[in-house]
Every structure is written in C-alpha cells, then in structure tokens.
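Each protein sequence line maps, in turn, to chains A and B.
Residue 631 is where the first sequence starts when you use my numbering, and the numbers rise one by one after that.
Residue -8 is where the second sequence starts when you use my numbering, and the numbers rise one by one after that.
Remarks on the structure that follows.
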Amino acid sequence: MTLADLKPGETVRIEAIATADTTVQRLMVLGLVEGAEVTFVRASLGGDPLEFRVFGAAISLRREHARCFEVSPVGASSARDSSFARDSSAARDFVASEARSYQDLS
Amino acid sequence: MSSRPEIAVPLRNVAITRRASAAIAVVGNPNSGKSSLFNRLTGMNQHTANYPGVTVERRVGRAQLGAAVVDLIDLPGTYSLSANSMDEQIAIGVLFGRVLGTPRPDAILAVVDATRLYQSLYLVQQLLDLGRPLAVALTMSDAAQAEGLKIDIERLSHHLGGAAVFPVVATTGRGFEPLRAALAGLAQAAAPRVPAVWPELEHAVRELEPDLGAKGARLQRAEIERLLVEGADEFRAGANLPPLPAEARANVDALRAGLFGAEPALAVEARHRYEWIRFVLRDVQTTGSVVRRQSAALIHSINQPWPATVLFVLSMAIVFQAVFAWATVFMDWIDAGVSGIGAAVAASLPEGAVASFLADGVIAGVGSVIIFLPQILILFLFIIFMEDTGYLARAAFLVDRAMRSIGLSGQSVIPLLSSFACAVPAIMATRVIPDRRDRIATILASPFMTCSARLPVYALLIAAFVPAQSVFIFNLQGLVLFGLYVLGIVGGVATTFLLRRSVLRGKNPPFILALPEFRLPNVRTVIMKLLDRVRIFLRRAGTVIFAVAVVVWALAYFPRSDALEQQRLAAVDAAASTLTGPALDERIAEIDNEAAAAHLEQSWLGRAGQVVAPVFAPLGWDWRISAAVIAGFPAREVVVAVLGTIYAVGDDADEQSLAARLKSATWPDGRLVFTLPMVLGLLVFYAWCLQCAATLAVIRRETNSWRWPVFAWGYMTVLGYTAALLIYQVGSSA
C-alpha cells in the first residue's frame, strides 16, 4: 500500500521510501520520512494532486510521487493525536545517545 | 577622571542617527508569519532593494530596541539550508556571509510557526549548526493554543541548546517586549550548544576542517556540513567558491561514501534530523483537547474541491467587477485632475514647445502612470488577501492538474492571476517557481493576460462599435469584453503548450506545496505589502511608462510647422471677426483641434504612420491608426490619447466624441475605415500584441538575457498581426 491508495481521513505510517527522485527527497525534507504518521485529507479536482497532513502541517503532492511512499495502516484517529509514535524504548535510547554527544562536544 | 569643563550641548544638536550595533537575520519557513513579525519589529523603518546581480528582494529594517539599534535582514522563506529556488539560494548565501554587499549576520532570529513545529525545527537545527547566537520567535502561538497544542517553552529551549524561545503573536504584538529585549543584546550573547542530531556528520566535519582550513578554502563548520551533504561541486557552484584542492576532494568523497552509502544524501539527512525532531516533539509538545470549533468544520468543507472552486470563481468575479465598475470612477477623477492641471499649466505659460512639453509630455506622462493605480491597488489587494488567507495556495492546489495539461504547474497560477493587473509585477512573482523552463514558460504567458492598460482601448472600441443590446441576461458589450479576456488566456495557454513541446521541452515541473492554514489576514501586514507592491510597480513600470510618454510626445510634437501655426492664427482671427461669446470659444476649440491634427500629421509620428501604413493596409488600417499603433508599441495605453489628437477631438476628449469621430472616419474614397471586421481585428491585435516596454525590460531582467524579450516581442507581434489580417480579410470578403 502507498500514499496514493488511501481513503480521505485514513492515517498511515510511512514504512519505506523510494528515494531516487529529487522531488521525493524534497518531500522528505518537508517531513515525509520513515516512521512519520500521515493522514490523507483529500484529492484535488480530477483526483490529483493529493493533500496530506503530517504533524499538523498540510502538504500537497502529486499521485506519481505519493506512490514512492510505502505505508502501513495505524487506524483512523486524527493526525495530530496519533503522530506521536509510542515506541518509548527508542526514545530512551535516543535520550541516552543525545546525552553522550553533549558530553562529547563540551 | 580629571575634571573637565562641562559643555552644554543642546539636545537637538546631538546626532540621533546611530549606526546599528549588529545585523540579525530573520529566517523562517514560508508562511511562518515572518513578514508580520519583521514589520512589527521595524515599523516603517525598512527599505527594499535587490541583491546585486539577481532579482531577489532584499528587505532590511532598522529596529530601535531600547538603547540598542539593530539591523534586521528579512531573508526569503526557506524550509532548509539546501536551496531549490533562487530565493532560497540567496537566503542561504546571506547566512553564510557569501552575498556581496550584505555583511554576514551577527545573530539569527529563527521564526517558527507553533502549529507546525515539526517542519520548522528542521531549519532551526540547521541554523544551530551555524554556531552563531540564535533566538527563536514562536509565532502563531494563539492559533496553537486554539488547536489545543501545548508547547513546553523551557524544554524546547533546552533541546535547542539553550537558545531563548519567545512565544509571540505577530498580529497583535503579544509577547514582543521580551523578544525585543533579547534581540537588543543577541549579537553579544553566546551561541547555543549544537544538539547532537547526527554525530557521524559532526565527526566527518571535524575530520575535514583542518584539511579545508589549511588549503585556503576557509569554510565555517555549517558550510562544511552543506558541502558534505550536497556534494563538493553543487555546494561550490552555489556559494561561488574556488575548486577544492585534490586531497580535500578525495577526502570529501570518502567521507560522503561513509555517511550516505548508496542513498541520496538529502534523504539520509532528512531521516536523521526528523528522528531527532520526533524525539524533541514527544518531549515538548502535548495535544490537549482540541476545541473543534464550527469555523474549523466550515473551513474543512469549503476546502473540498468543488466548494473551493465555486468560491474561487465567485471571488474572481467580484474582483473583476471591482476593477471595471468601481476603479473606473477613481480613474475618471485622476484623468480629470491630470488634464485640469495640464490645462492650467499650459494656460499659465506662453504657448509653445515648453508649455506643450510640460502639459502634454511631463504631466500627461505622470498621469498615464498614476491612472493605473486604482486597478492595480484593487487587484493587488485581492491577491495579497488571497495570499495571506492561504487561499492562493489552495488555488494552486486546485488548478495543478489543469495547468499540468499545458505543461505548467499549479504554482504558475499566482503570477498568471497577477498579470491581469499588470504583467510587470506578475513576471517578478514567477521567482517562486523553482524550475527554470517552467518559469520562463510562465513569464512568456503573462503578457497575454488582459492587463489594465488594454482596458481603455477595449472600452473605446467596444463602446463605439458593439451595439449595447442584450443577449439573454448579458450585455453584448460585456460579452465581447469577456471574450477578449478569454482570447488572452487562450493565447497564453497555446503559447505555453507549444513552448513546452519545443524550445522549453523538459520533464513536467514537480508540484510540492505546503498548504497554509486558513487565517484572517492582518490589516497592517496587508497594507505594508500593498504599499510595497505599488512602490515596485511605480519604480519598475512607472519610470518606463513615463519615459515612453515623454518620447511619444516629442515624436508627435516635432518638427513644428510654422505655416500650420500661421494658418491656425488666421483662422482664429477670422472667427473672432464674425462670432462672439460661447460660439466663438467653440469655434476656437474646433480650430485648435484641427490644427493639432494637422500638426500631428506632419510630425515624426504622423510621417512614420504614413510610411508604415502600407504594412497595416491589409488589416484595414489607415495611416492614422498605424501612427497610433506605432505610438502604442512602447506603451499600449497611449493609443487612446493619440487617436484623440489625430481625429482632432483633443487628447483628453471624452469617449463619446472620439467614438463618434471614429465611426465617421473614411478612406479618401469615402469608404468607412472602422468596419466591424477591422475593429474586431484591431481588438484581437491588442489582445495578443506585446506593446509594453516595461514588460520587455522586466523579462530581460528576470531571464537575464535579451533572447526572451526579443522572442516574446517578435512572436506576439506576428501573432497579433496575423490574427488581425485573417479577421479583416475573411470578414471583409464575406
């Protein structure tokens, strides 16, 4: 399933990205990265481009680029509530690594 | 301290103009409320110029912050420090201190939209890597609150290495006092610690630093980061750096291979940075109960494709109504005012070249510029309003698919809409389009759109030759005007379609757009923007239009024939001996107008009209129309005034008298000049011909070559001529 195959209101998590296209890379800079939760809002006139919401920000992109994002469903709650991934162990690891690096630098 | 005689200095003699103690760059994402914040900090104390060699606007303002004076540089909005457009390239160049004439900013004010913390923090992290003092202004904090977002300011500041964070509401000024106080001393403050977002990159930078430092290409740490991510060649080209030494180059390649492997570097960077951002967000941002307001539901339903389209078409209809019905009232006032002043000046001076130069050259020239202001103001007000509510981005989203079928993207809709006011600011607005081919195609489509300068010509010819009868519920005259608008759009669309399949062939431009939330625009910001655009119009277009008006005056005035002048005086004397009172005045006005027409006939302009008349004869034009069209080539709006003079009704005659004269104009053999096929041809010629020196000048500036303005001029002239020829020939033979 890709970002191009969603129904309005559906929220998914990005699992894998075909990164070769430079436009896809720019979308990644705007926050469409692996692990981000994205809600499909609506399609424009004629079904393209598509509007998504990621962490409260609305982004529009074309279907051809949406196909580069492999996704998995996470339920139909609103984007903002669900976009805080709850994998707390990963967060703990990150805190630890961040603390280490602060020491490195100072 | 030794005792020194005190000298009393009167306070008013102390120079108040102080030099700014520091330069602070204001950086943020597009639509982050950066302009409102900048305007509030600097007030009217700002000026706009261009960065040298490019057409990106450079806005600098001076802020009085308590005792300190600080220069604020408003940089173009960007999402990251990797450039996609010319605007972004400049923003990044200024931050690195690599733009000529702009000193490297001493400190940075990062503008962050509190409702879009996720995307904003990407840029903030990259800014922290610059290692300079940095403060964060958290805008839209009221909107965030309304959406139920809670942001822990202290925790956020902690994650940003201790950078101070100030929640503000730029539209109301809430939270500005502490921000101002911090900005006053920001340049002297310590730089925040750099959070360890991506330790591997840090290490690579440190490894490369001595290598680059020793070989003369002294780079800042953040620059080395960009060099590693973007690759040596791309980065060098953007930053105008000399080639890297061979060993450093090999080192860069090795480090890049280690950092990114086979993946695109930007993708790897995005993953690392967003991993950190999600971690920070989990710590600082909590979502409370969102107050689902009715307005939010309303906006959601309006944003659905069909309601949004209907709303868009409706608002366009209102704007066009405003331009045609309401602006004309003001334009008539300006017109009357200018001719009144002109007449007063002419009357107060002895008759001759000087009086004519001042009245018909200078004052009429200024008038021909300011006459556009009402329409330009209305259209810009509309466009700025659309921009600030976020609806312009919506419009781009709606029309993207349709625009793609002609080889453009939704982003071209903004400039193309502006060109219904004037192509000059519209062409400047194409800078937001990243792809060069896409941008040039949009630039070449812009002059086809019916600008406000075409309207006087349309109005005159339609009023004179199209009957005011009803067709269903519409007025036939209105329908013809509407048809001319459609014709302009068709011309522009067909042109881009052809160009994108020939000289500008290339991949379809991509379309990525961050859609801003619907927001009520701030009156202050709207007014500032409006003044800014008007100023730009007056400077870029106004100067050219004025110069053209003066040149056309000279061509129409010289050489002066004494014989004609003697004839006129004799005719006036003869009239005076037989007539008195109002009848005499009327007769003198008539004689003056006839004399003006005779003068024009033997002027350079009149002679030029007679010389080129054979070229335009197949279109059914006599020498008078040819002369008027020639005069209109540098600025199409002078045509009506020239026709007024040629047809001896005076250059500020009302439309009725000129229209009546046009209707009765004949060829020497008695045939009418203004037949329906000829008028329709003339209208189409005006719709498609590029008669505007200001537009050509701005195309030259924006494309940085003479090739495109010359092409556009030649192409559109041939197109207009051919169409007028076909219409006249086919229409006359039928």
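A virtual CB, placed ideally from N, CA and C, is assigned to each residue, including glycine.
Three-way DSSP call (helix, strand, coil) for residue i in this model
i: residue 72(B); result: coil
i: residue 400(B); result: coil
i: residue 645(A); result: strand
i: residue 48(B); result: strand
i: residue 550(B); result: coil
i: residue 464(B); result: coil
i: residue 492(B); result: coil
i: residue 127(B); result: strand
i: residue 528(B); result: helix
i: residue 736(B); result: Residue numbering for chain B in the displayed model covers -8 to 725; residue 736(B) lies beyond these limits and cannot be assessed.
i: residue 681(A); result: strand
i: residue 717(B); result: helix
i: residue 163(B); result: coil
i: residue 110(B); result: helix
i: residue 25(B); result: helix
i: residue 0(B); result: Confidence at residue 0(B) is low in this model, with a pLDDT of 44, below 50, so its placement is unreliable and no value can be given for it.
i: residue 699(A); result: strand
i: residue 708(B); result: helix
i: residue 706(A); result: Residue confidence is low: residue 706(A) scores 47 on pLDDT, short of 50, so the model does not pin down where it sits. Its coordinate-derived value is still stated next. Of the three classes helix, strand and coil, the one that applies to residue 706(A) here is coil, per DSSP.
i: residue 655(B); result: helix
Within-9 Å CB hit, residue i to chain B
i: residue 663(A); result: yes
i: residue 697(A); result: no
i: residue 640(A); result: no
i: residue 650(A); result: yes
i: residue 645(A); result: no
i: residue 634(A); result: no
i: residue 685(A); result: yes
i: residue 701(A); result: no
i: residue 715(A); result: Bear in mind that the predicted position of residue 715(A) carries a pLDDT of just 41, short of 50, making it unreliable; the figure below should be weighed with that in mind. True, the Cβ-Cβ gap to chain B drops below 9 Å.
i: residue 704(A); result: no
Per-residue contacts from residue i into chain A (C-beta, under 9 Å)
i: residue 180(B); result: Per Cβ cutoff of 9 Å: no residues; residue 180(B) is ~18 Å from chain A at best.
i: residue 113(B); result: 659, 660 and 661
i: residue 389(B); result: 674 and 675
i: residue 109(B); result: 661, 666, 684, 685, 686, 687 and 713
Which listed residue (the options) has its alpha carbon closest to that of residue i
i: residue 198(B); options: 245(B), 159(B) and 162(B); result: 245(B)
i: residue 520(B); options: 595(B), 378(B), 486(B) and 594(B); result: 378(B)
i: residue 442(B); options: 702(B), 366(B) and 625(B); result: 366(B)
i: residue 421(B); options: 20(B), 48(B), 36(B) and 12(B); result: 48(B)
i: residue 73(B); options: 28(B), 260(B) and 546(B); result: 260(B)
i: residue 353(B); options: 70(B), 535(B), 134(B) and 590(B); result: 535(B)
i: residue 97(B); options: 117(B), 62(B), 70(B) and 130(B); result: 62(B)
i: residue 483(B); options: 436(B), 382(B) and 414(B); result: 436(B)
i: residue 191(B); options: 248(B), 238(B) and 176(B); result: 248(B)
i: residue 516(B); options: 692(B), 114(B) and 31(B); result: 31(B)
i: residue 95(B); options: 14(B), 355(B) and 79(B); result: 14(B)
i: residue 50(B); options: 23(B), 111(B), 724(B) and 81(B); result: 81(B)
i: residue 139(B); options: 697(A), 696(A), 700(A) and 686(A); result: 686(A)
i: residue 449(B); options: 462(B), 473(B), 434(B) and 575(B); result: 473(B)
i: residue 759(B); options: 142(B), 131(B), 16(B) and 77(B); result: Past the boundaries of the shown model lies residue 759(B); chain B is included only from -8 to 725, so the question cannot be answered.
i: residue 676(A); options: 390(B), 412(B), 349(B) and 252(B); result: 390(B)
i: residue 129(B); options: 121(B), 143(B), 584(B) and 216(B); result: 143(B)
i: residue 88(B); options: 103(B), 66(B) and 107(B); result: 66(B)
Test: residue i CB closer than 9 Å to a CB of chain A
i: residue 300(B); result: yes
i: residue 1(B); result: Note on residue 1(B): pLDDT 44, under 50, position unreliable in the model; the coordinate value appears next. False, the Cβ-Cβ gap to chain A never drops below 9 Å.
i: residue 212(B); result: no
i: residue 501(B); result: yes
i: residue 73(B); result: yes
i: residue 449(B); result: no
i: residue 294(B); result: yes
i: residue 287(B); result: no
Residue i beta carbon near the ligand NAP (any heavy atom closer than 8 Å)
i: residue 214(B); result: Ligands are entirely absent from the displayed structure, and the ligand NAP is therefore not among its contents.
Neighbouring residues, chain A, relative to residue i (Cβ below 8 Å)
i: residue 430(B); result: Within 8 Å Cβ-Cβ: nothing; residue 430(B) doesn't reach chain A, min ~17 Å.
Where residue i meets chain B, residues with beta-carbon distance less than 8 Å
i: residue 669(A); result: By Cβ distance, chain B contributes nothing, its closest Cβ being about 12 Å from residue 669(A), past 8 Å.
7 Å Cβ cut-off: residues of chain A touching residue i
i: residue 254(B); result: 649
Kindly confirm or deny that the segment 540 to 560 of chain B and the segment 591 to 603 of chain B touch, where touching means at least three C-beta pairs closer than 8 Å. Segments in contact, yes.
Taking 8 Å as the cut-off, does the segment 416 to 431 of chain B touch the segment 494 to 508 of chain B (at least 3 CB pairs, one atom from each stretch)? As far as the Cβ criterion goes, the segment 494 to 508 of chain B touches the segment 416 to 431 of chain B, which means the pair count is three or higher.
Do the segment 497 to 509 of chain B and the segment 682 to 690 of chain A make contact, defined as three or more Cβ pairs closer than 8 Å? Three or more beta-carbon pairs drawn from the segment 497 to 509 of chain B and the segment 682 to 690 of chain A are found closer than 8 Å, and the two stretches are therefore classed as touching.
Segment contact, 8 Å Cβ cut-off, at least three pairs: the segment 356 to 374 of chain B with the segment 644 to 652 of chain A: Segments in contact, no.
Is it true that the segment 526 to 534 of chain B meets the segment 455 to 468 of chain B, where meeting means three or more beta-carbon pairs spaced less than 8 Å apart? Fewer than three pairs of CB atoms, one per stretch, sit closer than 8 Å, so the segment 526 to 534 of chain B makes no contact with the segment 455 to 468 of chain B.
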